[in-house]
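Worksheet: the structure to be examined is printed underneath.
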Amino acid sequence: MHKTPALVTLALFVASCQSGSLYENAATRESYRLSETPVDEAVEGRPTFGDPLPIPGSRSRIIPFSRESTVGWFGDRDHFSEGGLSSFADESQARLRAPSPAGLFRRIRWHNAAIHDLESGEQWTLLEERGVLSSLWIKLSTERNFPDKEARQVASALIFSATTADTNGDQKLNDLDGVRALVTDGDGRNPRLVTPPGTQLVSVQFDPTFDVAILMARVDLNGDGKFTDSEPPRPFLYRFGEDRAEPLLTEATLDVIEGALE
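Going left to right, the sequence shown walks through residues 10 to 271 as the numbering used here numbers them.
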């Protein structure tokens, strides 16, 4: 079977992400995980750059960065997932992960990432502040090369789950804090936070027909900065190219739906 360069790039990306958040030193058999991320102290652990990840159809590469600590005797502790909410989000997304040409999903655990354009040499970072990137969705589009009209899958946008604020006041960044959607162009340029503060992103669904994404996110309705699994996610609509996602349902519609059950 002949594989096109685009298919090879796509396969390399998936394989690279799957090798992702747990690193094992072959010489010492020590395993490493993302270190705990305090907000006012230095993050401990060894600085680690992951393998550069190809972006389907792009000349850009994603270079993950994290500070990692060794895994203890009692298991592969994921400091970011201490609250269990990110595991719920991963399971929710997995139910939506049926094979589809619309997009890809991978769980990640990075403190930041650099994007490098192999052709121009330009490079930039996804975050300008301390944070944790915990999930990555890639929106795929089909392009045809002329004159042979060969179809290929290319990335048209990237969406990351980004935690940059200690919303619950426990002095560390983890899945009990707010999680916002960080969107970039298909080549990783123009990173911007599109969901509002006071929300916690859970899942993303792409709709290629209307070129939008449906973002499911918990909303901090009482303003205490805390999120629990008893707060059901609400839908937000993001139109690609815009700066902000908006609630899919108006307050009037929510009043009718919820008021009928009071």
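Note that the Cβ used here is the ideal one computed from N, Cα and C, for glycine as well.
- Annotation for L263: the continuous alpha helix (DSSP H) segment containing it runs E260 to G268.
- Per the Cβ contact rule, the stretch 221-239 is in contact with the stretch 205-213 (3 or more Cβ pairs under 8 Å).
- E152: member of the beta strand (DSSP E) spanning V141 to N154, first to last residue.
- Comparing C-alpha distances from V213 to each of A123, L43, S144 and T193 shows the shortest one belongs to S144.
- Shown here, H120 sits in coil according to DSSP, grouped into three states, outside any helix or strand.
- Counting of Cβ neighbours within 10 angstroms places F89 among the buried residues, the total reaching 16 or more.
- When beta bridges are read from the DSSP output, R76 appears opposite P56.
- Leaving aside the five residues that flank L113 on each side, the residues in its chain whose CB is nearer than 6 Å to its CB run, in chain order, I147.
- In the DSSP assignment, Q214 falls within the beta strand (DSSP E) that extends over T208 to D216.
- I223: member of the beta strand (DSSP E) spanning V221 to V228, first to last residue.
- Only residues of its own chain outside the window of five on either side were considered, and among them R243, P244, F245 and L246 have a CB closer than 8 Å to the CB of P256, listed in chain order.
- Look at F249 here: in three-state DSSP terms it is coil, with no helix or strand label.
- When the beta-carbon positions are compared, V192 and S170 stay at least 7 Å from each other.
- The C-alpha of E240 lies about 8 Å from the C-alpha of V228.
- Boundaries cannot be given for A51, as no beta strand (DSSP E) includes it and DSSP labels it neither H nor E.
- Of F215, R253 and H125, the smallest CA-CA separation from S150 is found for F215.
- Closest by C-alpha distance to R116, out of L127, L142 and A166, is L142.
- Taking a contact as a CB-CB distance under 8 Å, the pair R68 and L127 counts as one, their CB atoms being some 5 Å apart.
- If you draw a 10 Å sphere on the C-beta of S129, you find fewer than 16 other C-beta atoms in it, and that means exposed.
- Minimum Cα-Cα distance from E131 among the listed residues I71, E45 and R55 corresponds to I71.
- By the Cβ neighbour-count rule, N231 is exposed, with fewer than 16 other Cβ atoms within 10 Å of its own.
- Comparing alpha carbon positions, the residue from K181, S40 and A261 closest to V80 is S40.
- Secondary structure note for V163: its beta strand (DSSP E) is the uninterrupted segment E159 to T172.
- Assignment of F236 by DSSP, reduced to helix, strand and coil, places it in the coil class.
- In the DSSP assignment, A254 falls outside any beta strand (DSSP E), carrying neither H nor E.
- Taking C-beta atoms as the reference points, T172 and L182 count as a pair closer than 7 Å.
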